[in-house]
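Scroll down for the structure; my scribbles are underneath it.
Numbering (our numbering), first residue to last: 227 to 439.
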């Protein structure tokens, strides 16, 4: 008798919640998600402007130099080219993770994001190896100064992207944290990673490809 009374009370309470309230809560959740994405996009626009200023300064210095890079500070192309293939490929891999979660395949998302994290770590490892193999340092000349600052600053962004991806993997351990209707954090990590890739393509072209001409 008591159990039936409780069930009846629950039914009354549940039925007393207007559908409009539920819809409003869902809309508020979506607005919160949109605000987070908007904040990220605003941040990335500011970062793009900053990188754009760095690239413009680099081109001005290059245009005013007699030899660029100066003798003794040449760059190797093979390892950075391999690194570029790895990083660009990781953009496709992370997108597969986003596609998986939209199909409610959280396990698949975790796999793709783990592979992306591994590729990002390999990229950073390759960059460190390149630094160690070069015969010049940060203060050797203007070119070396630009080289280390630009690639190092980008490497810092890759590291931040790795932290975002690892954060997604950590939070995804909780059942129901991500789903086909709740995946804003995953999308934000993907957007940031694509940004890092685009910046690298521009940087690779300016520092490595243009030095061949």
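In this text, a Cβ means the ideal position worked out from N, Cα and C, and glycines have one as well.
- The bridge partners DSSP lists for residue 408 are 405.
- Between the segment 314-329 and the segment 267-276, the count of Cβ pairs shorter than 8 angstroms is below three; the stretches do not touch.
- Beyond the five residues adjoining it in sequence on each side, residue 430 comes within less than 7 angstroms, by CB distance, of 306, 310 in the same chain, given in chain order.
- Burial check for residue 377: the Cβ neighbour count within 10 Å reaches 16 or more, so the residue is buried.
- About 6 angstroms separates the beta carbon of residue 349 from that of residue 384, a gap short enough to meet the 8 angstroms contact definition.
- Residue 411 places its beta carbon less than 7 angstroms from that of residue 394.
- Taking the Cα positions, residue 329 is about 54 angstroms away from residue 293.
- Under the DSSP assignment, residue 373 falls in the alpha helix (DSSP H) whose first and last residues are 368-397.
- Assigned with DSSP and collapsed to three states, residue 290 falls in coil, not helix or strand.
- The C-alpha of residue 396 is placed about 23 angstroms away from the C-alpha of residue 351.
- The beta carbons of residue 315 and residue 345 sit about 7 angstroms from each other, so the pair counts as a contact at 8 angstroms.
- Comparing alpha-carbon positions, the option among 327, 317, 347 lying closest to residue 418 turns out to be 317.
- Residue 370 and residue 362 do touch by the CB rule: their CB atoms are close to 5 angstroms apart, below 8 angstroms.
- Around the beta carbon of residue 391, a 10 Å sphere encloses 16 or more other beta carbons of the protein chains shown; the residue is thus reported as buried.
- Beyond the five residues adjoining it in sequence on each side, residue 327 comes within less than 6 angstroms, by CB distance, of 335, 404, 409, 412 in the same chain, given in chain order.
- Residue burial is scored here from C-beta neighbours: residue 416 has at least 16 other C-beta atoms within 10 angstroms and is therefore classed as buried.
- For the options 388, 379, 295, the alpha carbon positioned closest to that of residue 438 is the one of 295.
- In this structure, the straight-line span from the alpha carbon of residue 267 to that of residue 289 is close to 32 angstroms.
- If you keep only unbroken alpha helix (DSSP H) runs of at least 4 residues inside the segment 287-358, you get 304-328.
- Note that the C-beta distance between residue 313 and residue 426 is below 7 angstroms.
- Residue 374 is a Cβ neighbour of residue 364, given a cutoff of 7 angstroms.
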